[in-house]
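Worksheet for the structure shown next.
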Amino acid sequence: MRLKTSLLKEPKHILYLVSCVGWTAAEELYSCSDDHQLLKWNPVTNETTRVLKLPQDVYPIDLHWFPRGIAGKKQSQAESFVLTSSDGKFHLISKLGRVEKSVEAHCGAVLAGRWNYEGTALVTVGEDGQVKIWSKSGMLRSTLAQQGTPVYSVSWAPDSDKVLYTSGKQLIIKPLQPNVKVLQWKAHDGLILKTDWNSVNDLILSAGEDCRYKVWDSFGRVLYNSQPHEYPITSIAWALDGELFAVGSFNTLRLCDKTGWSYALEKPSTGSIFAISWSIDGTQLAGACGNGQVIFAHVVEQHWEWKNFTITLIKRRTMKVHNVINDAVDLLEFRDRVIKASLNYGYLVVSTSLQCYVFSTKNWNTPLIFDLKEGTVSLILQAERHFLLVDGGGLYLYSYEGRLISSPKYPGMRTDILNAQTVSLSNDTLAVKDKADEKVICIFEALSGKPLGDGKPLTHKTEIVEIALDQKGLTSERKIAFIDKNRDLFITSVKRFGKEQKIVKIGTMVQSLAWNDTSNILCGIQDSRFTVWYYPNTVYVDKDLLPKTLYEKDASEFSKTPQIVSFVGNQITIRRADGSLVHLHISPYPAILHGYVSTSRWEDGVRLCRFVKDQTLWACLAAMAVANKDMTTAEIAYAAIGEIDKVQYINSIKDLPSKESRLAHMLLFSGNTQEAETLLLQSGLVYQAIQVNINLYNWERALDLAVKHRTHVDTVLAYRQKFLEDFGKKETNQRFLQYAEGVSV
92 MRLKTSLLKE PKHILYLVSC VGWTAAEELY SCSDDHQLLK WNPVTNETTR
142 VLKLPQDVYP IDLHWFPRGI AGKKQSQAES FVLTSSDGKF HLISKLGRVE
192 KSVEAHCGAV LAGRWNYEGT ALVTVGEDGQ VKIWSKSGML RSTLAQQGTP
242 VYSVSWAPDS DKVLYTSGKQ LIIKPLQPNV KVLQWKAHDG LILKTDWNSV
292 NDLILSAGED CRYKVWDSFG RVLYNSQPHE YPITSIAWAL DGELFAVGSF
342 NTLRLCDKTG WSYALEKPST GSIFAISWSI DGTQLAGACG NGQVIFAHVV
392 EQHWEWKNFT ITLIKRRTMK VHNVINDAVD LLEFRDRVIK ASLNYGYLVV
442 STSLQCYVFS TKNWNTPLIF DLKEGTVSLI LQAERHFLLV DGGGLYLYSY
492 EGRLISSPKY PGMRTDILNA QTVSLSNDTL AVKDKADEKV ICIFEALSGK
542 PLGDGKPLTH KTEIVEIALD QKGLTSERKI AFIDKNRDLF ITSVKRFGKE
592 QKIVKIGTMV QSLAWNDTSN ILCGIQDSRF TVWYYPNTVY VDKDLLPKTL
642 YEKDASEFSK TPQIVSFVGN QITIRRADGS LVHLHISPYP AILHGYVSTS
692 RWEDGVRLCR FVKDQTLWAC LAAMAVANKD MTTAEIAYAA IGEIDKVQYI
742 NSIKDLPSKE SRLAHMLLFS GNTQEAETLL LQSGLVYQAI QVNINLYNWE
792 RALDLAVKHR THVDTVLAYR QKFLEDFGKK ETNQRFLQYA EGVSV
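Going by the working numbering, the sequence shown wraps up at 836, each residue one higher than the last.
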């Protein structure tokens with residue numbers, strides 16, 4: 092990926108530095124300079140028009156457009172902006188250049204002003220060291236902070252309840268509520284000049300006079316620390332979707348990934364770049380330059396890979412498809428510029444500013460094209476049968492034939508902050524992490540767009556960070572894996588009919604996870620090990636067996652905080668912290684075994700295990716056989732891994748007379764005692780239900796059943812008495828004493 096930059100031959104703001112820039116629409120930019128002019132740019136035609144001449148004593152410093160799409164009304168572009176200036180005022184100015192209001196805000200210059208994401212409040216900071224919150228109309232609400240040094244930069248938290256501002260070399264996060272803990276830390280060795288806080292990934296950027304830029308999480312932990320540059324870093328800004336950010340310095344423009352490493356470095360002759368603004372669709376950015384120029388830069392040469400295809404965006408409207416097997420090259424031309432694309436499951440989905448194109452990898456010549464409602468697609472997710480488009484207006488699920496299948500909605504839906512970690516799609520289910528309550532996952536039926544099952548969302552006890560649905564198997568067995576704030580990995584079933592499905596923890600300190608595209612195999616990076624769960628469903632079948640179904644490998648070669656990019660076939664692609672890609676191969680046999688089991692070819696499964704002679708594979712087969720109630724195979728597999736006690740138990744199950752009792756004992760084998768008991772009672776096998784509870788030493792429950800069904804009370808008491816005698820104890824339980832008096836044992 093790189094930046095394609097363009098500058099005019101002559102600067103429009105002659106001899107004066109440009110202090111601030113801001114996009115209104117995808118092809119319209121406003122810039123403001125020390126020559127007191129406000130100019131409007133069209134980067135396509137390179138035309139500029141003067142919108143407003145400011146008074147001679149007003150030097151603009153910062154500009155921020157009012158957020159679009161407030162309170163359900165979706166505007167295609169912003170209508171007004173705030174401009175802060177050196178005379179201590181901020182000005183609310185309409186798009187046409189009319190100054191709606193000027194407000195005295197600070198002593199000395201107002202160094203930065205930012206609207207919150209809802210557009211309900213404005214924060215300004217100044218040379219007087221004050222941080223002030225204003226209403227939408229420019230009335231002072233509160234002075235949030237006062238300090239002795241100028242505040243150079245300010246940013247809102249994603250949910251607009253905290254403000255991040257600079258104080259010399261320190262960064263401070265202050266909540267709007269009083270009496271809540273303020274977070275403060277030393278971030279740089281020099282003065283901090285710029286900050287930015289992204290609403291999608293919740294990460295913070297800071298840039299300072301120590302010539303470094305850094306990436307932080309919202310707890311103030313450093314995730315990336317750059318090498319020192321030659322000059323102080325004067326500007327830094329996130330792209331809206333939180334995948335990229337740009338860094339500006341003297342004659343320097345850098346494009347970086349969200350984890351900090353650099354994609355590209357440009358050295359334009361611009362002087363210092365004082366401000367960077369990304370366009371709404373994230374395809375281009377503009378910089379305010381010290382020599383009076385406004386620099387435009389396009390992000391090009393993004394790569395997409397899937398199996399034997401690599402696709403590159405070579406120009407704004409052209410893609411190159413390269414088939415590495417036969418070296419065939421195709422060029423795909425689009426009418427408008429490409430905004431987002433995704434390649435998976437044999438289809439390439441491309442969204443431009445007005446349309447969506449769906450190509451099959453078998454035929455690049457005839458794409459399916461349909462028009463988009465909103466235009467700025469922020470996310471494309473693919474499953475085998477359909478794909479999901481996310482834009483500012485909602486979630487839209489389309490089939491690969493271009494038919495709109497459904498458009499799921501939930502209360503308080505904010506689509507602008509969804510990314511690939513917080514949305515997951517499979518053939519029949521869509522899962523979305525709720526922003527209003529971070530502990531909740533909303534789960535929808537893909538085909539109808541309605542909430543799944545009884546309509547209750549999945550709730551966890553701590554905040555959830557990342558979610559992923561498995562891709563294969565029956566709808567009734569769909570599983571979701573998720574990582575919570577403590578970096579623990581959990582798995583649970585998506586379908587819940589009244590009864591709460593257990594949420595089971597299967598990993599700790601998990602950095603990143605991915606499901607395989609062709610079978611339900613899960614991989615993740617766990618602490619310092621790369622782990623593959625060959626059959627995660629084992630936790631519901633035989634929990635002790637789970638460690639035996641794992642493949643683990645030392646992950647120190649992937650350096651700190653690696654991310655899993657894809658898991659296709661038996662190849663896993665991992666991106667290291669320095670941006671390089673590492674490809675890993677795992678054994679192909681577990682996937683073959685999954686294939687056999689899904690078509691109930693048990694003998695082939697056993698044959699495969701005997702051929703491979705691998706304990707892990709036998710353990711997977713054992714768990715699969717128990718899950719599918721195939722006792723013969725389970726017996727062979729457990730014998731192969733030396734679990735003799737389980738082999739004996741399975742043998743005893745096979746000898747049971749009725750089908751129901753066999754099923755009940757299978758449930759017991761998997762640890763589902765409640766379901767086993769219910770099944771026995773429904774089949775009228777009361778004695779067996781009582782016996783099960785006695786064997787498990789659930790004395791109270793056994794007595795309850797005996798009394799309720801008025802049968803075998805004496806049996807329960809006899810077993811209890813023998814149990815107490817074996818341990819030389821006396822009966823202390825009142826209920827047993829009471830029944831023992833009335834019943835002769």
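Cβ atoms here follow ideal geometry from the backbone N, Cα and C, with glycine treated the same way.
Computed from a predicted model, the values in this text were never measured in an experiment.
Would you kindly report the start and end of the unbroken beta strand (DSSP E) that includes Ala196?
Counting along the chain, no beta strand (DSSP E) covers Ala196, and no H or E run does either.
Using a threshold of 8 Å, state whether the C-beta atoms of Leu344 and Glu357 are closer than that.
For the pair Leu344 and Glu357, the CB atoms are nearer than the 8 Å cut-off.
If we ignore side chains and look at the alpha-carbon of each, how far apart do Leu99 and Gly383 end up?
Pairing Leu99 with Gly383, the inter-Cα distance amounts to about 10 Å.
Cβ contact (3+ pairs, closer than 8 Å) linking the stretch 290 to 307 and the stretch 495 to 510
Counting Cβ pairs under 8 Å, three or more are found: they touch.
Rounded C-alpha distance that separates Glu392 from Leu759:
Their Cα atoms are separated by approximately 57 Å.
Does Gly163 pass the burial test, meaning 16 or more other C-beta atoms within 10 Å, or should it be called exposed?
Unreliable placement is indicated for Gly163, whose pLDDT of 43 sits below 50; no coordinate value is reported for it.
Distance cut-off 7 Å: His104 Cβ against heavy atoms of the ligand ADP:
Of ligands this structure carries none, so the ligand ADP is not represented either.
To the nearest angstrom, how far is it from the Cα of Glu766 to the Cα of Ala755?
When only Cα atoms are considered, Glu766 and Ala755 end up about 8 Å apart.
Under the three-state DSSP convention, the category Gly503 falls into:
Coil.
Does DSSP put Trp352 in a helix, a strand or coil?
Note: Trp352 maps to coil in three-state DSSP.
The alpha helix (DSSP H) that contains Glu766, what's its start and end?
In the DSSP assignment, Glu766 falls within the unbroken alpha helix (DSSP H) covering Thr764 to Gln773.
Using a Cβ-Cβ distance under 8 Å, would Ala511 count as near chain B?
Chain labels in this structure do not include chain B; a single protein chain is all it has.
In the DSSP assignment, find the beta strand (DSSP E) that holds Gln147 and state where it starts and stops.
Looking at the DSSP string, Gln147 is not in any beta strand (DSSP E), and its letter there is neither H nor E.
Using 8 Å as the threshold, is the C-beta distance between Lys553 and Lys526 below it?
The question names Lys, but residue 553 is Thr in the sequence shown. No, Cβ-Cβ distance for Thr553 and Lys526 is not below 8 Å.
Can you give, in chain order, each stretch of the alpha helix (DSSP H) that sits fully within the stretch 690 to 764 and has at least 4 residues?
Within the stretch 690 to 764, the complete alpha helix (DSSP H) runs of at least 4 residues fall at 693 to 703, 706 to 718, 722 to 731, 735 to 745 and 750 to 760.
Given a cut-off of 8 Å on the beta-carbon distance, is the pair Gly57 and Gly339 in contact?
With the chain represented from 92 up to 836, any question about residue 57 goes unanswered, as that position is not in the structure.
How long is the line joining the alpha carbons of Ala298 and Tyr729, rounded to whole angstroms?
Between the C-alpha atoms of Ala298 and Tyr729 there is a straight-line separation of about 59 Å.
Just to confirm, are His127 and Val142 a CB contact at a threshold of 8 Å?
Their beta carbons are not under 8 Å apart, which means His127 does not touch Val142 by this criterion.
When you compare only the Cα positions, how much space is there between Asp795 and Gly546?
About 34 Å.
Identify the continuous alpha helix (DSSP H) that holds Asn270 and give its terminal residues.
Where Asn270 is concerned, there is no enclosing alpha helix (DSSP H), given that its DSSP letter is neither H nor E.
Among the candidates Leu145, Ile264 and Asp418, whose CA atom is the shortest distance from the CA of Asp276?
Strictly speaking, residue 276 in this sequence is Trp, with Asp absent from that position. With distances taken between Cα atoms, Trp276 lies closest to Ile264.
Given a cut-off of 8 Å on the beta-carbon distance, is the pair Cys123 and Leu174 in contact?
Cβ atoms of Cys123 and Leu174: closer than 8 Å.
Whole runs of the beta strand (DSSP E) within the stretch 774 to 811, excluding any shorter than 3 residues:
The stretch 774 to 811 contains no whole beta strand (DSSP E) run of 3 or more residues.
Beta-carbon proximity list for Thr566, same chain, < 7 Å, skipping 5 on both sides
Leaving aside the five residues that flank Thr566 on each side, the residues in its chain whose CB is nearer than 7 Å to its CB run, in chain order, Asp519.
What did DSSP end up calling Tyr830 once you bin it into helix, strand or coil?
Looking at Tyr830 - three-state DSSP - the assignment turns out to be helix.
Looking at the secondary structure, which residues open and close the alpha helix (DSSP H) in which Tyr631 lies?
Run containing Tyr631: Thr629 to Val632, per the alpha helix (DSSP H) assignment.
Name the DSSP beta bridge partners of Met410, please?
Met410 pairs with Leu404 and Leu423.
Going by the beta-carbon positions, is the gap between Gln473 and Asn435 smaller than 8 Å?
Contact flag set, yes.
From the DSSP output, in three-state form, read off Leu636 for me.
DSSP places Leu636 in helix when its eight states are reduced to three.
Please report the residue range of the beta strand (DSSP E) in which Ile460 lies.
Per DSSP, Ile460 belongs to the beta strand (DSSP E) from Asn454 to Asp462.
Gly179 versus Leu331: straight-line alpha-carbon distance, rounded
Cα atoms of Gly179 and Leu331: separation of roughly 30 Å, rounded to the nearest angstrom.
Among the candidates Val222, Val190 and Tyr243, whose CA atom is the shortest distance from the CA of Ser233?
Residue nearest to Ser233 within the set Val222, Val190 and Tyr243 is Val222 (criterion: CA-CA distance).
How is Leu839 classed by DSSP in three states: helix, strand or coil?
Not covered by the structure: residue 839. The range shown for the chain is 92 to 836.
In whole angstroms, what separates the C-alpha of Ser97 from that of Cys711?
Their backbone Cα atoms lie some 57 Å apart in a straight line.
Give the single residue among Leu776, Gln602, Ala725 and Leu495 whose Cα lies nearest to the Cα of Pro748.
The residue from Leu776, Gln602, Ala725 and Leu495 with its alpha-carbon nearest to that of Pro748 is Leu776.
Can you name the start and end residues of the beta strand (DSSP E) that Pro266 belongs to?
Taken as a continuous stretch (DSSP letters only), the beta strand (DSSP E) holding Pro266 covers Gln261 to Pro266.
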